[in-house]
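**Q** Protein chains in written order, with my numbering: chain B, 1430 to 1781; chain X, 27 to 247.
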Amino acid sequence: MESLAVPADSQNSLERVLCYLQGVNPQRIACFPLILNHAAKVLGVPVGTCIRDAELLGKAHVAAYRRYGNDLITFLSTTSTLAEAMGQKMDFLEHDAPQLAEPLIKELDDIKRVRLPDCARDGRLPVYLQATEYAVAEVGSEVCVSTLLAGPFTTAAALRGADVFVRDLYKNKEWVHELLELCCQAGIDFIDQILARKSLPIIVEPIGSGSLVSPRTFREFVGPYLKRMSDHIHAKGGGLPAVLHICGKTKPNWGPMREAEWDIWSLDGVDMAEAREFAGDRVCLVGNVTPANLLKNSPEEIDAEARIVCAKGMGSPRGFILGSGCEVPINAPGENLDALINAARKYGRFDR
Amino acid sequence: MARAREEILRDLADGVLNLDEELAVRAAHEAIAGGLEAYDAITNGLVVGMNRAGELYDEEEYFVPELLICSDAMYAALAVLQPYLKKEDARAQLKCVIGVVEGDTHDIGKNMVKIMLDVGGFEIFDLGRNVPLALFVEKAKEVDADLICLSTLMTTTMDGMATVIEMLKEEGLRERFKVLVGGGPISQAFADRIGADGYADNAASAVRVAKQVCNAAAAAA
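1. Beta-carbon within less than 7 Å of ILE134 of chain X's beta-carbon, same chain only, minus the 5 sequence neighbours each way: which residues are those?
2. For ILE124 of chain X, which residues does DSSP report across the bridge?
3. Quick check: the Cα distance between GLU1431 of chain B and ARG1648 of chain B, rounded to an integer number of angstroms?
4. Can you list, in chain order, the residues of its chain whose CB lies under 8 Å from that of PRO1681 of chain B, leaving out five sequence neighbours each side?
5. Restricting to runs no shorter than 3 residues, where is the beta strand (DSSP E) found entirely within the segment 1527-1579 of chain B?
6. Taking the C-alpha atoms as reference points, what is the distance between GLU1523 of chain B and VAL1474 of chain B?
7. In three-state terms, what does DSSP make of TYR1599 of chain B?
8. Buried or exposed: PRO1546 of chain B, going by 16 or more other Cβ atoms within 10 Å of its Cβ?
9. Assuming contact is defined by CB atoms lying nearer than 9 Å, are GLY1748 of chain B and CYS1460 of chain B in contact in what I supplied?
10. Counting along the chain, where does the alpha helix (DSSP H) carrying GLY1652 of chain B start and finish?
11. In the DSSP assignment, find the alpha helix (DSSP H) that holds ILE95 of chain X and state where it starts and stops.
12. Flag this pair as yes or no: are the beta carbons of TRP1694 of chain B and HIS1674 of chain B separated by less than 9 Å?
13. At the level of alpha carbons, what is the spacing between ARG155 of chain X and ARG1542 of chain B?
14. Which residue's Cα is closest to the Cα of GLY61 of chain X: X:VAL51, X:SER177, X:ALA39, X:ARG31?
15. Any C-beta of chain B within less than 9 Å: which residues of the segment 198-213 of chain X qualify?
16. Tell me where the beta strand (DSSP E) around PRO1630 of chain B begins and ends.
17. Compare the C-beta of THR1583 of chain B with all C-beta atoms of chain X and state if any pair is closer than 9 Å.
18. From GLN1622 of chain B to SER1442 of chain B, what does the alpha carbon distance come to, in whole angstroms?
19. Tell me the DSSP bridge mates of TYR225 of chain X?
20. Could you give the uninterrupted runs of the alpha helix (DSSP H) lying entirely in the segment 1669-1715 of chain B, keeping only those of 4 residues or more?
21. When DSSP labels each residue in this structure, what does MET1430 of chain B get in the three-state scheme?
22. For the segment 105-115 of chain X against the segment 187-194 of chain X, do three or more pairs of beta-carbon atoms, one drawn from each stretch, fall closer than 8 Å, so that the two count as touching?
23. Taking LEU1558 of chain B and CYS1548 of chain B to be in contact with their CB atoms under 8 Å, please state how far apart those CB atoms are, rounded to whole angstroms.
24. Candidates B:TYR1776, B:ILE1770, B:ASP1780: which alpha carbon is nearest ARG1495 of chain B's?
25. What first and last residue would you give for the alpha helix (DSSP H) that runs through GLY75 of chain X?
26. Mind checking if THR189 of chain X is an interface residue toward chain B, Cβ cutoff 9 Å exclusive?
27. With respect to the beta strand (DSSP E) encompassing LEU1751 of chain B, which residues constitute its N-terminal and C-terminal limits?
28. To which residues of the same chain is GLY1426 of chain B closer than 6 Å at the C-beta, ignoring the five residues directly before and after it?
29. Could you give the distance in angstroms between the alpha-carbon of ASP1538 of chain B and the alpha-carbon of GLN1614 of chain B?
30. Taking all protein chains shown into account, decide if LEU1724 of chain B is buried (16 or more other Cβ within 10 angstroms of its Cβ) or exposed.
31. Could you tell me whether any Cβ in chain C is nearer than 9 Å to the Cβ of LEU94 of chain X?
32. Identify which residue in B:VAL1491, B:LYS1488, B:ARG1544, B:GLU1536 has its Cα closest to the Cα of LEU1511 of chain B.
33. If we define contact as Cβ-Cβ less than 9 Å, is ILE134 of chain X a contact residue for chain B?
34. Is TYR1599 of chain B close to chain X? Criterion is C-beta to C-beta, closer than 9 Å.
35. Suppose you measure from the CA of GLU1634 of chain B to the CA of GLU86 of chain X; what does that come to, to the nearest Å?
36. At a CB-CB cut-off below 8 Å, which residues of chain X make contact with ARG1596 of chain B?
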C-alpha cells in the first residue's frame, strides 16, 4: 500500500526551506510543527525549569529537532515573554507554560511603569537569545532556527489584561496607540537581536485573531504596527521573509492581514483550501493540523488529517508548508509528530 | 411629558446594542421615573438589545470587544432597574455552574458564555478561572444546579473536563447535571469521547445548546 511507504528525503532541512525562498519546488514540502514547550518533554526536563535556563532551552530544541527532523526550530514558551521583559509579572508552573499574573497596567496612568526592555538583561529575553545562539551554532548549518515574539497588540493585551484591553479599544483609543507604540518598539529591538544571532524572527499575534477582534479593529490597532514590523524585517533581515502566526479563526481578518504585508502565514482554525484561494501568489501558507488532535488522536488519524490538509494546501503558488495549527501540545505523543512529518514526505512530494 | 413606553424600551435596547452605556442608563432612569415596570424594561428592553448583539456576534458583525461593551451597558442599566423588581417577577430559572478548569487562567471565552447564558435566563454561579475540579461538583450539589459549564483554552488542562465527569459518576450524580464543554482545543468529538452532554464553539451557540440539553432533560423528567 502506497500510504504506508514513507519516501526518503533527498534534501536536508535547510536546503528544503531555502527552496521556498528561492521560489523553486523542494523535493517535498517542509513541515513546521510548532514545537515550543514540548521540547522540554523531549529532553526530559520539567517545562518550568527548561524555559528559564538558556542551556536547557537550547538543548531541548536541538534534541527535539534531532528526534523529529522538524524543518524549523521555534523558540517560544509563551506569547507574554516580551510583556514579561517590559515589567509584567508571570506565574511559573513546573509542568506548563507560565501564565500571566495580575496585569502590570491596572490604571491608565500605570503605562508609566512599562519599560522598553534591555534584551540582554530583562525578563527571559536573554534566555531566548542565548538558547538561540546555542541552536544556531549546533545545528544552524542544517536547519532553520527561529525565535518567536508576540506582536504589539498581543503584548499590550498581556500588560493590560485582555478583558480590560478590549474595552480600552473603544474607550481609550489614543492611550491604546501610545501603549502599542511602546510594544512595537520593544518588539523591533528584540527582532534586531534575533537577526544579529542569525535566527529568523517570527511574530505571533493571537489577540489579533478573528476569534477575538473584527477586521475594523484589526485595521485600526493591529495592522499598522504589524506593518511596521514586517517593513523592519524586510529592511534589516537580509532577504529573510516576514513570518506571521495567528491562532484561532483568522478568516475574518485575512483582508487586513494581507495589507500588513507578511510573506508567510501560519494559520490555525481555517479551511486551507479557502486560505490557498485567498493567498494567491502573495502569501506562503503554513498549517494546520488541529493541535488538540496531536494530543488525542492516533498516528493513523494524524496521517489522514494531514493528507487532507496537504491536498488543500499543495499547489499554493507561493508554497505550502505542512504544520500544526498552533503549539504542539506539551504531552503530544512523539509518534503523532512522526506521523505529521511523514505525511509531508508522503503527500507533499514534488519529485515525481 | 413622559415618553411612550415603546420609545423608552427602544432606547434601552439600542443603548445595549450600540455600545452606548450612557443611553441605556439614562433610559433605565427614565423607565422608572415614567412608571414602567422594571421587569418590562429588562425583558423587553435590555434583553432584546443584548440578544440582538448576540446575533450580530454569531454573524461575525460583532466580535469580543463589542459584545463585552454591550454587556457592560446592559449591566449598568440593570443596576438601575434591579431595585425596582417585584418579588413576583422572580421566575424559576435554570441554574448553571460555570468556570475555567484547573490549570488554566484564560477566561474571556467563559465570560462571554456566562453573559449570554445570563441573558438567556439562566441563573449563573461563576466559579472563575483555574477552578479546582472537585469544586464544580461541590457547587453544583450545593445550589442544585441543572447545568455545569466547563471551559479551557489549553491542551494541558482539557482532560480536567473528563475528570469532572468521572467525579460525577463516582458520586452517582452524572444523571443529575447536564455538562457542557467548550474552548479552543475542545471539539464535538472530544465532548462525545468524555461523555459530555453538549459542546458549543461560540457563546451564542452555547446558549442554544444549553437550552436544548436542559429542555430535553425537562421533557424526559
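All C-beta atoms, glycine included, are put in the ideal place defined by N, C-alpha and C.
Values in this document were obtained by computation on a predicted structure and should not be read as measured data.
**A** In this structure, then:
1. Counting only Cβ-Cβ distances below 7 Å, and skipping sequence neighbours, we find VAL90.
2. X:ASP152, X:CYS175
3. Residue placement at GLU1431 of chain B is poorly supported in this model, since its pLDDT is 45, which falls under 50; the coordinates still yield a value, given next. Taking the straight line from one Cα to the other gives about 47 Å.
4. GLY1639, SER1643, PRO1644
5. Taking only runs of at least 3 residues, the beta strand (DSSP E) segments lying wholly in the segment 1527-1579 of chain B are 1573-1579.
6. 10 Å
7. helix
8. buried
9. no
10. 1652-1665
11. 90-107
12. yes
13. 27 Å
14. X:ARG31
15. If the cut-off is 9 Å between Cβ atoms, the segment 198-213 of chain X has GLY210, PRO211, ILE212, SER213 near chain B.
16. From DSSP, the beta strand (DSSP E) with PRO1630 of chain B extends over 1629-1633.
17. So no, THR1583 of chain B is outside the interface.
18. The straight-line gap separating the alpha-carbon atoms of GLN1622 of chain B and SER1442 of chain B is approximately 24 Å.
19. X:VAL207
20. Here the runs fully enclosed are 1683-1688, 1701-1708.
21. Because the pLDDT of MET1430 of chain B is 42, which lies under 50, any placement of that residue in the model is unreliable, and the question is left without a value.
22. Contact fails: fewer than three Cβ-Cβ distances are below 8 Å.
23. Cβ atoms of LEU1558 of chain B and CYS1548 of chain B come within 8 Å of each other, at about 7 Å.
24. B:ILE1770
25. 73-84
26. no
27. Looking at the DSSP string, the run of the beta strand (DSSP E) that includes LEU1751 of chain B is 1749-1753.
28. Missing from the structure shown is residue 1426 of chain B; chain B here goes from 1430 to 1781 and no further.
29. 19 Å
30. buried
31. Reference to chain C is not applicable here, since the protein chains of this structure are B and X.
32. The closest CA to that of LEU1511 of chain B, considering only B:VAL1491, B:LYS1488, B:ARG1544, B:GLU1536, is found on B:ARG1544.
33. yes
34. yes
35. 20 Å
36. PRO91, LEU94, ILE95, ASP98, listed in chain order.
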